[in-house]
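Chains as they are written, first to last, in our numbering: chain W, 577 to 709; chain D, 42 to 185.
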Amino acid sequence: MPRVSAWFVRASLGHLVFGFSVGALLLADRGVPFAPGLWALRGAHLEVLLVGWLVQLVMGVAIWIFPRFALRRAPHRSAITAWLAFGLLNGGVVLAALGGLLAVAGRLAEIAAAASFVAHLWGRVSPAGLSEI
Amino acid sequence: MPPLSRWYIKLALVYFVAALAVGALQVLQAPLRLPAVLAVTGPTYVHMLVVGWITQMIFGVAYWMFPKYAPPPPAPAAPRGSNALAVATLILLNLGLLVRVVVEPVRAWRPEALPGWPLIVAALAQWLAAVGFAINTWPRVKEK
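Right, here's the structure in full:
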């Protein structure tokens, strides 16, 4: 898989482990309360697993497997948009998970990441091959 | 498709239908006067959908389709990583989620009806499943 996809997937695995770690603490506290302050991390749990794990994995795999004919037309721009999406998404998830005003900056970074990802992938959504679907 | 991926994917499909059924029962509880425990199944519904369906589907498809790993000799050939770890991940994920699905809503409805410690077991099992998947998948994420 391309280097940028490998970074997307590795980062998503990191978010998976972190998100499940926080989630496990929250679930354990629901069974036998030991640290009520943990529930302040519920927002981070959601952000990390939804965007950092699931959305990021989808983005990484899409960059890996979508048809690559369009990449030949503008290889440099395609690389920039993919890496920009990776950086903005991960920065955005971290900021959004921290909460408060940083969450606003995080969400804006995530929007920019989505826009960069769309710019990268749009031209690759093409009828390559013989599929009739 | 390897047999283990079939297990992951079929269990994910079961959770998909079951999660939507729980979601439907949750919103029908009040109008149809169904058992009150259904009113507190919000977290159960979300986790059946996100963990049981989506995450489990990803685990199964990744085990099947990610690039195969060729460890350097003399290590035994294990192109999809450790099969034992992947089996343990499947069992732990489903054991943990099943315990949660049963215990969490009952305790939210009547805390005295069930002890809380099974939720610690559920938490630990699901966490171990996530760590196991990450360990087994990491060497297969290869740049080319």
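Ideal placement from N, C-alpha and C gives every residue a C-beta, glycine not left out. All values derive from a computational prediction rather than experimental measurement.
How would you write the range of the alpha helix (DSSP H) that residue i sits in, first residue to last?
i: Ile-95/D; result: Unbroken run through Ile-95/D: none, as it is neither H nor E.
i: Val-172/D; result: 158-178
i: Val-585/W; result: 579-607
i: Leu-633/W; result: 632-641
i: Lys-51/D; result: 44-73
i: Phe-645/W; result: That residue, Phe-645/W, is in no alpha helix (DSSP H); it is neither H nor E in DSSP.
i: Ala-118/D; result: Element bounds for Ala-118/D: n/a, residue is neither H nor E.
i: Ala-681/W; result: 676-697
i: Gly-628/W; result: Looking at the DSSP string, Gly-628/W is not in any alpha helix (DSSP H), and its letter there is neither H nor E.
i: Val-81/D; result: Premise fails: Val-81/D is in no alpha helix (DSSP H) and is neither H nor E.
DSSP three-state label for residue i, please.
i: Ser-702/W; result: coil
i: Tyr-110/D; result: coil
i: Gly-619/W; result: helix
i: Arg-653/W; result: helix
i: Leu-155/D; result: coil
i: Val-147/D; result: helix
i: Lys-183/D; result: coil
i: Ala-611/W; result: coil
Once you ignore the five residues that flank residue i on each side, which residues in its own chain have a CB closer than 7 Å to its CB?
i: Trp-583/W; result: Phe-662
i: Leu-660/W; result: Ser-692
i: Asn-135/D; result: Leu-52
i: Leu-90/D; result: Ala-60
i: Pro-108/D; result: Arg-181, Lys-183
With a threshold of 8 Å on Cβ separation, who are the neighbours of residue i within its own chain once the five nearest residues in sequence on each side are excluded?
i: Ser-707/W; result: Legend: pLDDT at Ser-707/W = 49, less than 50; position of this residue unreliable, no value from coordinates given.
i: Val-140/D; result: Pro-159, Leu-160, Val-162, Ala-163, Ala-166
i: Leu-126/D; result: Gly-173, Ile-176, Asn-177
Measure from the alpha carbon of residue i to the alpha carbon of each residue in the options, then state which is nearest.
i: Val-63/D; options: Trp-105/D, Arg-47/D, Val-81/D, Lys-51/D; result: Val-81/D
i: Asn-177/D; options: Met-42/D, Ala-77/D, Leu-155/D, Ala-111/D; result: Ala-111/D
i: Ala-604/W; options: Val-182/D, Trp-179/D, Leu-160/D; result: Leu-160/D
Report all residues from its chain with a CB closer than 6 Å to the CB of residue i; omit the five preceding and five following residues, and keep chain order.
i: Ser-46/D; result: Gly-101, Tyr-104, Trp-105
i: Pro-146/D; result: Val-78, Val-81, Thr-82, Thr-85
i: Ala-65/D; result: none
Using a Cβ-based criterion (distance less than 7 Å to any ligand heavy atom), does residue i qualify as near the ligand COA?
i: Ala-600/W; result: For the ligand COA, the structure offers nothing, since it holds no ligand at all.
| query | For the region 152-164 of chain D, which residues have a CB atom closer than 9 Å to at least one CB atom of chain W, in sequence order? | reply | Pro-156, Gly-157, Trp-158, Pro-159, Leu-160, Ile-161, Val-162, Ala-163, Ala-164
| query | Name the residues in the region 106-139 of chain D whose C-beta lies less than 7 Å from a C-beta of chain W; which are they? | reply | Hits within the stretch, in order: Pro-108.
| said: Closer than 7 Å between beta carbons: that is the criterion. Which residues of the region 628-651 of chain W meet it against chain D? | reply: Leu-630, Leu-633
| Contacting positions in the region 52-84 of chain D - beta carbon closer than 7 Å to chain W | none
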